[in-house]
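Just so we're aligned, residue 2 is where the sequence shown starts under our numbering, counting upward by one. Positions of the beta carbon are idealized from the N, C-alpha and C atoms, including for glycine. Small disclaimer: the values here were computed from a predicted structure and weren't measured. Beneath this line is the structure, given in structure tokens, with notes to follow.
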Amino acid sequence: MNPLLEKLQPYPFEKLRKLFADVKPNAAYSPISLGIGEPKHPTPAFIRQSLADSLDGLAAYPATAGSDALRTAIAGWLERRYGLPKLDIASQILPVCGSREALFALAQTVIDPRRGDALVACPNPFYQIYEGAAYLAGAQPYFLNSDPARNFAPDYRSVPADVWERVQLLYLCSPGNPTGAVLTLEDWKELFALSDRYGFVIASDECYSEIYFKDEAPLGGMEAAHKLGREGYPRLISFSSLSKRSNVPGMRSGFVAGDATILKKFLLYRTYHGSAMSPSIQSASIAAWNDEIHVQENRAKYIQKFNEVTPLLAEVLDVALPDAGFYLWAKVDKLASISDVDFAKRLYAEYNVTVLPGSYLAREAHGINPGENRVRMALVAETAECLEAAKRIVEFTRKLAAN
Ligand SMILES: Cc1ncc(COP(=O)(O)O)c(C=O)c1O
Numbered sequence: 002m003n004p005l006l007e008k009l010q011p012y013p014f015e016k017l018r019k020l021f022a023d024v025k026p027n028a029a030y031s032p033i034s035l036g037i038g039e040p041k042h043p044t045p046a047f048i049r050q051s052l053a054d055s056l057d058g059l060a061a062y063p064a065t066a067g068s069d070a071l072r073t074a075i076a077g078w079l080e081r082r083y084g085l086p087k088l089d090i091a092s093q094i095l096p097v098c099g100s101r102e103a104l105f106a107l108a109q110t111v112i113d114p115r116r117g118d119a120l121v122a123c124p125n126p127f128y129q130i131y132e133g134a135a136y137l138a139g140a141q142p143y144f145l146n147s148d149p150a151r152n153f154a155p156d157y158r159s160v161p162a163d164v165w166e167r168v169q170l171l172y173l174c175s176p177g178n179p180t181g182a183v184l185t186l187e188d189w190k191e192l193f194a195l196s197d198r199y200g201f202v203i204a205s206d207e208c209y210s211e212i213y214f215k216d217e218a219p220l221g222g223m224e225a226a227h228k229l230g231r232e233g234y235p236r237l238i239s240f241s242s243l244s245k246r247s248n249v250p251g252m253r254s255g256f257v258a259g260d261a262t263i264l265k266k267f268l269l270y271r272t273y274h275g276s277a278m279s280p281s282i283q284s285a286s287i288a289a290w291n292d293e294i295h296v297q298e299n300r301a302k303y304i305q306k307f308n309e310v311t312p313l314l315a316e317v318l319d320v321a322l323p324d325a326g327f328y329l330w331a332k333v334d335k336l337a338s339i340s341d342v343d344f345a346k347r348l349y350a351e352y353n354v355t356v357l358p359g360s361y362l363a364r365e366a367h368g369i370n371p372g373e374n375r376v377r378m379a380l381v382a383e384t385a386e387c388l389e390a391a392k393r394i395v396e397f398t399r400k401l402a403a404n
């Protein structure tokens, strides 16, 4: 067996299942889960219809590079959304079966394990795939702790030069899961300068880009590169997805775009790996990328939900409206001294509400676990259910504070 598999950590939800194993939730309350970050708004009817109309596609093997029509639709979306100059659909875009598999597979393509000391840098807390991708590619993860004082951005300047010299791949997540923070143009400038200096590839995970709460849409990696005059997007690969944008997590549809030299090798890798998107899913994806109305409606629902729920929770937790995404990343010890793990366990036992302990989403690095004393709440259910959860959390926290 591959010994590197031993390095993989249980997924946060497995840890949660273990934590809850001996807990009997209070049956006086209906169960509400804010635990899993899975979109729950309904899939738009026109996407379902487009998929149903495309079932003939099941009779053909798809090309790994996808159809020209899909890559044209994706290019059009990128150009409109980020104000990019015309993209070359033959070399700068590839469809992927959800961003998760592609985030994993890129590490297999980019990392040279023969160097022996390879590092993959990623934010902390983070989406667990980055860590597994690093280990299975023969590298070690290097965690960049998010700093609440810098809107959760890590302090890249604190990373020693001899570490950057070993970094072959840097994962970024903007908007961030779980923090909801969006990288600024200044952040990108600094990161591109580091990539130029040390030669590492940047994998920019942007799957929450269409759910945002401020007037301005989140800045994308390719948009930042374009604004900074970086023609051809050197060493940058951006990842996007329909899962959250269009409420189709089961369709497994996304794309990567950016540096054509890297994408050429990535296509080669993917051909052997066998990650080609079903022609039927490609057709439904074209319909989805070409429509913005459902995206605006989806965003409006999240805005209303977050505007109603956040102020309630802010009475008892240290929490604020994020830049984007569908998570609240709350500090739980504002009124009472309690750990994130105890908070989640007791909230489940006493009020039947599930939240994810922040420490499960982060690793101890540089002397701290930056997820400690925080919980992640995914506001994916309909507003009424999220409000009911928030009311129970307020009652629970006030009770904690009183004791
Ligand atoms: C930060 C982040 N990246 C990527 C993904 C994967 O999304 P998908 O594979 O559905 O595109 C997720 C899913 O939850 C995520 O939270």
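Residue 332 in three-state terms, based on DSSP: Under the three-state reduction of DSSP, residue 332 is assigned to strand.
Would you list the residues sitting across from residue 96 in a DSSP beta bridge? Residue 96 is bridged to 256.
Terminal residues of the alpha helix (DSSP H) in which residue 153 lies: Looking at the DSSP string, residue 153 is not in any alpha helix (DSSP H), and its letter there is neither H nor E.
Given 7 Å as the limit, tell me if residue 324 has its C-beta closer than that to any heavy atom belonging to ligand 1. Answer for residue 324: no, Cβ out of range of ligand 1.
Give me, in chain order, the residues of the same chain whose beta-carbon lies closer than 6 Å to that of residue 184; leave out the 5 immediate sequence neighbours on both sides. The residues are 175.
Taking 7 Å as the cut-off, does the CB of residue 101 come closer than this to any heavy atom belonging to ligand 1? Answer for residue 101: yes, Cβ within range of ligand 1.
Would residue 295 be called buried (16 or more neighbouring beta carbons within 10 Å of its own) or exposed? Here residue 295 is buried, its C-beta having at least 16 other C-beta atoms within 10 Å.
Which word fits residue 142, buried or exposed, when buried means at least 16 other C-beta atoms lie within 10 angstroms of its C-beta? Flag for residue 142 reads buried.
Measure the CB-CB distance between residue 456 and residue 242 and report whether it falls below 8 Å. Because residue 456 is not part of the residues shown, which for the chain are 2 to 404, the question remains open.
Residue 305, buried or exposed, once every other Cβ within 10 Å from all chains shown has been counted against 16: Exposed, because fewer than 16 other Cβ atoms sit within 10 Å of the Cβ of residue 305.
With distances taken Cα to Cα, identify the nearest neighbour of residue 17 among 116, 344, 284, 395. Selected option, being the one with the closest Cα: 344.
Relative to the alpha-carbon of residue 15, which residue among 262, 280, 358, 297 has its alpha-carbon at the smallest distance? Looking at the Cα atoms, 358 is the closest of the given residues.
In its own chain, which residues sit with a C-beta less than 7 Å from the C-beta of residue 110, not counting the 5 before and 5 after it? Only 266, 267, 270 meet the Cβ criterion.
Distance cut-off 7 Å: residue 38 Cβ against heavy atoms of ligand 1: For residue 38, the CB falls within less than 7 Å of some heavy atom of ligand 1.
Within 8 Å, do at least three Cβ pairs link the segment 117 to 127 to the segment 145 to 163? By the C-beta criterion, the segment 145 to 163 is judged to be in contact with the segment 117 to 127, since at least 3 inter-stretch pairs fall below 8 Å.
Residue 58 beta carbon less than 8 Å from that of residue 279: Contact: yes.
Beta-bridge partners of residue 375, as assigned by DSSP: DSSP, once it has assigned bridges, lists 332 as partnering residue 375.
Answer yes or no: do residue 134 and residue 108 have a C-beta to C-beta separation smaller than 8 Å? Yes; because the gap between Cβ atoms is below 8 Å, this pair is in contact.
According to the Cβ coordinates, are residue 52 and residue 281 closer than 8 Å? When the beta-carbon positions are compared, residue 52 and residue 281 come within less than 8 Å of each other.
Can you name, in chain order, every residue of its own chain whose Cβ lies under 7 Å from the Cβ of residue 191, other than the five neighbours on each side? Closer than 7 Å at Cβ, skipping near neighbours: 157.
For residue 234, which residues from the same chain have a beta carbon less than 7 Å from its beta carbon, with the 5 sequence-adjacent residues on both sides left out? Hits under 7 Å: 223, 226, 259, 260.
As a quick exercise: from 254, 361, 19, pick the residue whose alpha carbon is nearest that of residue 285. Distances from the alpha-carbon of residue 285 to those of 254, 361, 19 put 254 closest.
Whole-angstrom Cβ separation of residue 96 and residue 256, contact assumed at under 8 Å? In this structure residue 96 is in contact with residue 256, their Cβ atoms being roughly 5 Å apart against a cut-off of 8 Å.
For residue 144, which residues does DSSP report across the bridge? Paired residues: 123.
State yes or no: is the C-beta of residue 17 nearer than 7 Å to some heavy atom of ligand 1? No, ligand 1 has no heavy atom inside 7 Å of this Cβ.
What did DSSP end up calling residue 206 once you bin it into helix, strand or coil? Taken through DSSP and simplified to helix, strand or coil, residue 206 comes out as strand.
Integer-rounded CB distance, given that residue 397 should sit under 8 Å from residue 348: 5 Å between Cβ atoms; contact.
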